[in-house]
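Reading through the structure tokens given below for one structure.
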Amino acid sequence: MGKFSEQVRRGRVVGPRKRTFTVEGWTKAYEGFAPSDKTDIAIYVSGINIHAKLAAIRKATDQLSLSRLSTETRVKALVAAANHQFEALELQMKDYAANIASADGRGELNIRDLATTQVKLADGASYNADAALGSMLDGIAIPVKVALTGQPKVADDSFDDVAWNDVRLEINFGAMYDQAENLWEDCVWNTYIVCGVDGKVLAIPTNIDAKRGTHAAAARKIALGIEATSAAIQAVELIQAQGLTSRIKEVQSIVTEGDQQRIELGQDKLDPHSQSMIFALRTMACPPYYDSLLDEAQPLLAGATLSQ
14 MGKFSEQVRR GRVVGPRKRT FTVEGWTKAY EGFAPSDKTD IAIYVSGINI HAKLAAIRKA
74 TDQLSLSRLS TETRVKALVA AANHQFEALE LQMKDYAANI ASADGRGELN IRDLATTQVK
134 LADGASYNAD AALGSMLDGI AIPVKVALTG QPKVADDSFD DVAWNDVRLE INFGAMYDQA
194 ENLWEDCVWN TYIVCGVDGK VLAIPTNIDA KRGTHAAAAR KIALGIEATS AAIQAVELIQ
254 AQGLTSRIKE VQSIVTEGDQ QRIELGQDKL DPHSQSMIFA LRTMACPPYY DSLLDEAQPL
314 LAGATLSQ
């Protein structure tokens, strides 16, 4: 690894994820740490291509109608769109689960089949259900963060002023932005190089072990999802079998009164399917599921563990 790459990893050279990044400053820093090795060259080229992609996304987002709405309406529109997508995904999953149970003949549902389900989204392509849900959350994270940055924008507008096609477009831009930032992290830490070819951006691993690690991480994520979902369904079935009543209720709204906020809960309890999903999310967030990751020896850390 060259000196330029080392300084980028240490954060001493401003990378393309920062808005203060400039191509001139990036080139000056690169030339200042000559001579360069292949890692330096890969990070330098990747930084320029990632910067161009992020800048293009920011420019396109600024031209959307949402940028002219009030902060409150903009955030509400993004959250509403994500909720709508989640409801649509949940309906598809329910139908898929019912079809599997019906085809089984015994009414049984294999949790592994459900966890690896492919669902069709609005673009006509099919995606893993977990990836589809993750992209929804990733898609609104950055637009919401941008909307809440700086002074709140006040305007006399409402949902009637929202162009929902622009909302969906901004969510897609948010997901693209998140993916581009993740690509940059792969370039810095996992030996990827991002090249521009015929107007397209290609991310290529220069080390085959990095690609193997990506596939292993994806497989582990699916395994954790299957395990968490299975545990959640068993928990709900146990509660019902024992005649117990779950007290999980839906949060319907957050009401602001002056400088105080309060949560309004729904009157009815959630249906068993929704309760299972909440249990699954809570199970996946439990630290014990990640203890093994913290205690695994890391070759890149000379055998040390993350907990050390």
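Counting from 14, one number per residue, gives the positions in the sequence shown under our numbering.
Positions of the beta carbon are idealized from the N, C-alpha and C atoms, including for glycine.
Classify His228: buried if its beta carbon has 16 or more other beta carbons within 10 angstroms, exposed otherwise. Flag for His228 reads exposed.
Can you list, in chain order, the stretches of the alpha helix (DSSP H) that have 4 or more residues and sit fully within the region 20 to 76? For the region 20 to 76, whole alpha helix (DSSP H) runs of length 4 or above, ordered along the chain, are 36 to 45 and 51 to 75.
Which residues does DSSP pair with Pro218 in a beta bridge? In the DSSP assignment, Pro218 forms a beta bridge with Tyr205.
Strictly by DSSP, which residues pair up with Thr269? In the DSSP assignment, Thr269 forms a beta bridge with Gln274.
Let me check understanding here. Comparing Cα to Cα, which of Glu85, Asp199 and Val132 lies closest to Gln98? For Gln98, the closest of Glu85, Asp199 and Val132 by C-alpha to C-alpha distance is Val132.
Name the two residues that bound the continuous beta strand (DSSP E) containing Val132. Here the beta strand (DSSP E) through Val132 covers Gln131 to Lys133.
My output table needs one value for Lys213: the three-state DSSP class, helix, strand or coil. Looking at Lys213 - three-state DSSP - the assignment turns out to be strand.
Whose C-alpha, out of Asn195, Ile206, Glu194 and Val159, is nearest the C-alpha of Glu183? Glu183 has its Cα closest to that of Val159, out of Asn195, Ile206, Glu194 and Val159.
How about Asp174 and Thr269: are their beta carbons less than 8 Å apart? Taking the C-beta atoms as reference points, Thr269 is found no nearer than 8 Å to Asp174.
Hey, quick one: how far does the alpha helix (DSSP H) through Ser78 stretch, first residue to last? First-last for Ser78: undefined, no H or E at that position.
Could you check the C-alpha separation between Lys166 and Ser83 for me, to the nearest Å? CA-CA distance, Lys166 to Ser83, rounds to 5 Å.
Secondary structure at Ser139, three-state DSSP: helix, strand or coil? Here Ser139 sits in strand by DSSP.
At the level of alpha carbons, what is the spacing between Gly163 and Asp308? One C-alpha to the other measures close to 40 Å.
If the criterion is Cβ atoms closer than 8 Å, does the pair Leu91 and Pro48 meet it? Cβ distance not < 8 Å, so Leu91 and Pro48 don't count as in contact.
When DSSP labels each residue in this structure, what does Met149 get in the three-state scheme? DSSP places Met149 in the helix class (H, G or I) of the three-state scheme.
Leaving out five residues on either side along the sequence, give the residues of the same chain with a beta carbon under 8 Å from the beta carbon of Ile153. Once the five neighbours on either side are set aside, the close Cβ partners of Ile153 are Leu91, Val92, Ala94, Ala95, Ile184 and Gly187.
Closest residue to Glu19 among Arg81, Trp202, Leu150 and Lys66 (Cα-Cα distance): When C-alpha distances from Glu19 are compared across Arg81, Trp202, Leu150 and Lys66, the shortest belongs to Trp202.
Counting Cβ pairs closer than 8 Å, one from the region 36 to 50 and one from the region 67 to 84, do we hit at least three? Segment contact: the region 36 to 50 against the region 67 to 84, fewer than three CB-CB distances shorter than 8 Å; contact not assigned.
Is the beta carbon of Gly15 sitting closer than 8 Å to the one on Val27? The answer is no: Cβ separation not under 8 Å.
Quick one: grab the DSSP three-state call for Leu257. In the structure shown, Leu257 sits in coil (DSSP, three-state: anything other than H, G, I, E or B).
Which of the three DSSP states, helix, strand or coil, is assigned to Lys166? In the displayed model, Lys166 falls within coil according to three-state DSSP, outside both helix and strand.
Thr130 to Ala232, Cα distance in whole Å? Annotation: Thr130 to Ala232 spans about 14 Å, alpha carbon to alpha carbon.
For Leu251 and Ala241, the rounded distance between their alpha carbons: Those two C-alpha atoms are separated by around 15 Å.
With a CB to CB cut of under 8 Å and the five nearest residues on each side skipped, what residues in its chain are close to Asn62? Take Asn62, set aside five residues on each side of it, and the residues of its chain with a beta-carbon closer than 8 Å to its own are Val207, Cys208, Gly209 and Val214, in chain order.
Could you have a look at Val92 and say whether DSSP puts it in helix, strand or coil? It is helical.
Thinking C-beta only, is Ala42 closer than 8 Å to Phe17? If you check the CB distance, Phe17 and Ala42 come in under 8 Å.
Mind checking whether Ile70 and Met189 have CB atoms under 8 Å apart? Cβ atoms of Ile70 and Met189: closer than 8 Å.
Could you name the residues of the same chain whose beta carbon sits closer than 7 Å to that of Ala168, not counting the 5 residues immediately before and after it, in chain order? Within the same chain, Ala168 has close Cβ partners Leu82 and Ser83.
Where Thr227 sits in the DSSP three-state scheme: DSSP places Thr227 in helix when its eight states are reduced to three.
Within 10 angstroms of the Cβ of Trp197, are there 16 or more other Cβ atoms? Answer buried if so, exposed if not. Trp197 comes out buried.
May I have the straight-line CA-CA distance separating Gly316 from Pro218, to the nearest angstrom? The C-alpha of Gly316 lies about 23 Å from the C-alpha of Pro218.
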